[in-house]
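Just so you know, the protein sequences line up as chains A and B, in that order.
When we follow this note's numbering, the leftmost residue of the first sequence carries the number 48, and every step to the right adds one.
When we follow this note's numbering, the leftmost residue of the second sequence carries the number 81, and every step to the right adds one.
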Amino acid sequence: MKRSNVRVAVVYIEGTNCEDESVAYFRHLGAQAEKVHLKQLTRDAPADLRRDLDDYDILMIPGGFAAGDYVRAGTIFAARMRSKLSKDLVAFVKAGKPVFGVCNGFQVLVEAGLLPALGGVMTEEPEAVLATNDSSHYECRPSLLRMENAGSCAFTRTLKKGQIVTFISAHAEGKLLFPEDREKRILKELIDNDQVVFRFVDDRGKYAGYPWNPSGTTFNLAALCNRDGNVFGVQPHPERCFFRHLRPDWTRADQGDPVYGDGKAVFEGVLRHVERRF
Amino acid sequence: MGDRIRRRALPFSLHDITLGDASAHELAAISERMGLALSVDEMRRIQAHFHDLGRDPTEVELQSLGQAWSEHCCYKSSKVILKEFIFPVQAPYVIDRGDAGVVEFDEDHAYALRIESHNHPSAIEPYGGANTGIGGILRDVLAMGAQPIALADPLHFGPLDYPMEKLPRSTRHPKYLFGGVVAGIRDYGNRVGIPTVAGCILFDEGYLGNIVVNVACVGFGKKSQFVRNRVGSENAVFILGGGRTGRDGIHGVTYASVDLTDKAVEGWEAGAVQLGDPILKEPLIHACVESAQAGLLDGLKDLGGGGLSCVIGEMALGGGFGAEVDLEKVLQKEEGLAPWEIWVSESQERMMLAVLPENVDRVLRIFDLYDVPATVIGHVIPEKVCRVRYQGTVVLEMDLAFYTGGPEYTRPYKPPATLPSQDLRLPREPQDYRSTILKLLASPNVASKEYVIRQYDHEVRASTVLKPLQGVIGKAAHGDASVIRPRIDSWRALAISVASTPYFTAIDPYRGGATAVDEVCRNLVAVGANPHSLTNCLNFGNPEKPDRLWFFREAARGIGTTAKALGIPIPSGNVSFYNESARGPCPPTPVVLGVGIVEDLRQCVTSDFKRTGDPVVLVGSTQAELGGSEYLRLREGTAPAPTVDPLGLRASTEHLLRAIHGGTVAAAHDLSHGGLAVAASEMCLGGDIGADLKTTAMDPMRWDVQLFSESNGRWLIEVAKDRYEAFTHLMEGIPTTYLGTTGGRSLHLGRGRQWTSLAIPAMRKAWSEAIPNQVVVS
């Protein structure tokens, strides 16, 4: 498939707030991207505004505070999506089409049962939760992430395993927790399935605590994919380091890509995957 | 007096007020009882007006006048002074002066800027007050048709460690207020998805009884999407979009226009504080911006102070027309609201759109997609009259010239009998400079604000090119300004910074106002931006007291005169009076937000030292101007407040910008709180690199003057060592002092035989732990 034919739906509801830049960056890389209100996909919009999920090649759920995150981050968005879009979503994922959740979008994917999805494409119950940060408040800070994926993830094949990238954390609920009694087993399964994508590290490349791990997240997990690697959720924002001049310390670096930052790799990665696969 | 208020026999609550022959005493009682906050003279003017009409006013009419003629809405005490000093400061590139100022960005784009206060509500209910402060300033920018792109918050509190038992009655503890305000800004700004990129936090006992919470916003858009705050056609209809109307926020403007006494506190608590809803605001912004971009709006204005009662009249009269409104069409939160409550409610998240009939369906469709309620509630009429009906009964009918023609006062002003001394009487020189500098780094006004900055999302919208914290990841320190890139197809960007100068203003308000402009400009220049426009929020005491008004007038004169000399326009602003409690007025607090243009963002510099071996140069000249300085706040003594030399600043700005754009500057930091010693420390902290600096060239001034003076117009510059010659050439004619070089793990400061040395970890500990130690319960 030619890049200019790749169609990206950046889906939002009230309180989603990273949709504009996400659309802009997919377009910047040559794809067709549009922001789509969830109700346009669930047939709750006027006829001429309705959209079919199946018409898209990539589904993105961007960051924000969907419906205020008032119950728990991502819960309301996930519930609305599951109640009316379950069949379409499962078909989309089964077809191998990429689903991309950033920050609040990651929270939505976990709440919806689409990640880590150990028990099926979309599990009935969430298998994990993104809980309140250890600091008990919002954390907006640059994060260093080590890419840990051996190749299963459709989004990160443009990066080398072990490579460290800078993204921007900005969340109050980023602490990935699994049921305590099953945590070890789940972690082992995630590693065995090559579902771990990014982990937080410090400035010496070590798995470290706060503030390098901004939330206290289990095993320093910052990003996961499903078993097939086409559903990907990442807590820190890659789009906020899409360009070189968004990187927090760009005035200190003389070298490197003159235009782009680390975050572009993820957008580029998924587009290349779609180009090759479909 | 009770018989002067008569209920009409209607199925809803409506009263007529018999003003007829009411005495001064009775007029005062009516104003008091109805919560109008109007003076006897103002009530007399209303009495005469209705006498001429041969009828009594309704409560809806009186309440409307109470709103429209409040200090908050009509600037009755400040307008004369603003007209003299602030309004004339203009530039040809200012496009509009409405709820926000609109200024040209490039050929096809413009930006909007505005700042305002939210002091009283935040003093009562800090979380809700700060919430709705952010909500309100976003609407001011949105009202121009612009997409909000950045927020900034200058905050002022009492000392966080103030003893509970000494706290005055009816005041909340500074720690509670600080926590609530920061959380309020965080939860609203982060949810609505607009980055909070700049601000300042100052602490002083003077803010115990009356905190100062200012909120500012910058917006952006294509020139074609900007709209006016008034109707453009007599065919337009009024669409009320956004939140429903309820009893929250009734009489906000009236309580904001009186001192914060125990009684006013009760009034606020009874419902004057509004309730914010960022998750309604977020789609409301989209709906309004999309309607503006599609060219569907004939006028747009936000509902803030006074609610519908102010917005309809101002929009209609602004276009030279009048308006008719049917109040029952307003969507309400609850049943049983009296017409006057609907009319003056300040319920949040509401915008008024003027739309031509042929565009109404398209606008309603946009709002519907975003699930934002919107309804037609009235229409424009050719005669300049406002007519409001409720279920068919006319409840208000007033000539708009009278309605919106609030009084304008030339109130007396005079300096107080005594002002703090500006004689140069310095304390004995410190024995131990190291501990003095560490104390300065740990003083709350200087110490790291990272605890707050990182709770605000300053990165959302993925356009924050320079962040509020700058330097090595994990070690960053305060920058001077943030830079936002509004278009990904251009390298042109906007720099944003704020300055607040209460300490200088308290001893010399003219210099205090002038310094706020100087400081904000050098902040912008420090990142490589050309100062382009200013907006100001003037927070002062009761203007009916001549000494308070004198402080206000002098500060306004300082701001206006300096901005004019620099050629930088002030297309918007806000005045906040009555910042008084039983303790007296809060410190006189002029706050200035500046926006600068960055021609090519790739040339921006940050405040952190970059590498070892670079020359460090002080730009500007230093005087013994320690009055109001952080140093003298730690120690006894008096000194003059800093003077401003606008022509000198203009020259050094031009040269320094050339030096920055020419790539000769590796780091730049403005000198403000704590002077040279603090600026050098912050540059070391951000870069995690030491420096060896000798100030002998500044002799014979005492060393404490050299290190801690807060003279204006100065920057500390790290010059790229291979470009040093080019730098000195570009700076020719500007006072510069070579101080030393970067390197090592400590900041060494010396002069003749005097010297001191501060290891970076010790500085970092003092600087970064001070605020968390006072607020975090562990």
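For every residue, glycine included, the Cβ atom is placed at its ideal position computed from N, Cα and C.
Strictly below 9 Å CB to CB, what residues from chain B border residue i?
i         : result
Thr-213/A : Ile-553
Tyr-92/A  : In the sequence as displayed, the identity of residue 92/A is Ala instead of Tyr. Per Cβ cutoff of 9 Å: Asp-448, Leu-449.
Arg-229/A : Neighbours of Arg-229/A on chain B: none; closest Cβ ~31 Å, over 9 Å.
Leu-96/A  : Arg-445, Leu-449
Tyr-185/A : Arg-266, Asp-267, Asn-270, Arg-534, Gln-535, Tyr-536, Asp-537
Check whether the Cβ of residue i lies closer than 8 Å to any Cβ atom in chain A.
i         : result
Glu-362/B : yes
Gln-535/B : yes
Gly-273/B : yes
Val-540/B : yes
Asp-682/B : Reading off the sequence, residue 682/B comes out as Arg, not Asp. Cβ-Cβ to chain A under 8 Å: yes for Arg-682/B.
Arg-803/B : no
Ile-568/B : yes
Arg-266/B : yes
Asn-439/B : no
Since residue i and residue j should fall inside the 8 Å C-beta cutoff, what is the C-beta to C-beta distance between them, to a whole number of angstroms?
i         : j         : result
Thr-213/A : Cys-288/A : 6 Å
Val-856/B : Val-799/B : Incorrect: roughly 39 Å between the Cβ atoms, too far for contact.
Arg-324/B : Gln-428/B : Incorrect: roughly 10 Å between the Cβ atoms, too far for contact.
Leu-106/A : Val-146/A : 5 Å
Thr-775/B : Arg-194/B : Not quite, the Cβ-Cβ distance comes to about 41 Å (not below 8 Å), so this is no contact.
Ala-114/A : Thr-179/A : The Cβ separation is near 17 Å, so there is no contact.
Arg-327/B : Glu-421/B : 6 Å
Tyr-59/A  : Pro-109/A : 7 Å
Ala-527/B : Ala-759/B : About 14 Å separates the two Cβ atoms, so there is no contact after all.
So which residues of chain B does residue i contact, with C-beta pairs closer than 7 Å?
i        : result
Pro-19/A : Residue 19/A cannot be examined here, being either before or after the span of chain A that is shown, 48 to 325.
At 9 Å on the CB atoms, spell out the chain A contacts of residue i, in chain order.
i         : result
Val-685/B : Thr-298
Lys-690/B : Thr-298, Arg-299
Leu-218/B : In chain order: nothing, as chain A lies at least about 13 Å away.
Lys-529/B : Those do not exist, as Lys-529/B stays about 13 Å from chain A at its closest Cβ, beyond 9 Å.
Val-545/B : Phe-290, His-292, Leu-293, Trp-297
Could you tell me which chain B residues have their CB closer than 8 Å to the CB of residue i, listed as they occur along the chain?
i         : result
Glu-61/A  : Ile-359, Leu-360, Glu-362, Pro-363, Tyr-450, Asp-451
Gly-77/A  : Residues of chain B passing the Cβ test: none, with the nearest at roughly 14 Å.
Asp-99/A  : Residues of chain B passing the Cβ test: none, with the nearest at roughly 17 Å.
Glu-171/A : None at all; the shortest Cβ gap to chain B is about 28 Å.
Glu-286/A : Ala-542
Gly-115/A : Arg-271, Pro-358, Ile-359
Please compile the residues from chain A whose C-beta is within a distance smaller than 7 Å of the C-beta of residue i.
i         : result
Tyr-583/B : Those do not exist, as Tyr-583/B stays about 30 Å from chain A at its closest Cβ, beyond 7 Å.
For residue i, go through chain A and note every residue whose CB falls closer than 8 Å to its CB, in chain order.
i         : result
Ala-676/B : The question names Ala, but residue 676/B in the sequence shown is Gly. Here the premise fails: no neighbours, minimum Cβ distance about 16 Å.
Any C-beta of chain B sitting closer than 8 Å to the C-beta of residue i?
i         : result
Pro-295/A : yes
His-326/A : An answer regarding residue 326/A cannot be provided, because it is not within the stretch 48 to 325 covered by chain A.
Gly-111/A : yes
Glu-68/A  : yes
Asp-250/A : yes
Gly-256/A : no
Asn-52/A  : no
Ala-312/A : no
Ala-26/A  : This structure leaves residue 26/A out entirely; chain A is present only between 48 and 325.
Ala-120/A : no
Determine whether the Cβ of residue i lies closer than 8 Å to any Cβ atom of chain E.
i         : result
Asn-211/B : Protein chains A and B are contained in the structure displayed, whereas chain E is not.
Please tell me whether, using a cut-off of 7 Å, the distance from the CB of residue i to the nearest non-hydrogen atom of the ligand ATP is below it.
i         : result
Val-699/B : The ligand ATP is not part of the structure shown, which contains no ligands of any sort.
Point to revise | Ordered list of alpha helix (DSSP H) runs contained in the stretch 150-210 of chain B, each at least 4 residues | key: 151-154, 159-165, 199-204
Review point. Do three or more CB pairs link the stretch 502-517 of chain B to the stretch 741-750 of chain B at distances below 8 Å?
Key: Under the three-pair Cβ rule at 8 Å, the stretch 502-517 of chain B does not count as touching the stretch 741-750 of chain B.
Exercise for review: Go through the stretch 796-838 of chain B residue by residue and report every complete run of the alpha helix (DSSP H) that reaches 4 residues or more, in order.
Suggested key: Segments of the alpha helix (DSSP H) lying fully in the stretch 796-838 of chain B: 804-810.
**Study point:** In chain order, each alpha helix (DSSP H) run of at least 4 residues that lies wholly inside the stretch 222-308 of chain B
**Key:** 254-272
Exercise for review: Counting only runs of 3+ residues fully inside the stretch 751-785 of chain B, write out the beta strand (DSSP E) ranges in chain order.
Suggested key: 771-774
Exercise for review: Give, in chain order, every unbroken run of the beta strand (DSSP E) that is at least 3 residues long and sits entirely within the stretch 586-628 of chain B.
Suggested key: Along the length of the stretch 586-628 of chain B, whole beta strand (DSSP E) runs at least 3 residues long occupy 610-619, reported in chain order.
Exercise for review: Would you list, in sequence order, the uninterrupted alpha helix (DSSP H) runs of no fewer than 4 residues that lie entirely inside the stretch 389-475 of chain B?
Suggested key: DSSP runs (the alpha helix (DSSP H)) wholly in the stretch 389-475 of chain B: 419-424, 440-449.
Point to revise | Length-filtered (3 minimum) beta strand (DSSP E) runs lying within the stretch 528-565 of chain B | key: Counting only runs of 3 or more, we get 544-546, 562-564.
Check your understanding: Taking three-plus beta-carbon pairs below 8 Å as touching, is the stretch 278-288 of chain B in contact with the stretch 306-314 of chain B?
Key -> no
Review point. Quick check: the stretch 142-154 of chain B against the stretch 363-370 of chain B, are there 3 or more CB pairs under 8 Å?
Key: no
**Study point:** Whole runs of the alpha helix (DSSP H) within the stretch 137-207 of chain A, excluding any shorter than 4 residues
**Key:** Taking 4 residues as the shortest admissible run, the stretch 137-207 of chain A contains the following complete alpha helix (DSSP H) segments, listed from N- to C-terminal end: 151-159.
Practice item. For the stretch 124-137 of chain A and the stretch 296-305 of chain B, state whether three or more C-beta atom pairs, one from each stretch, are separated by less than 8 Å. Key: no
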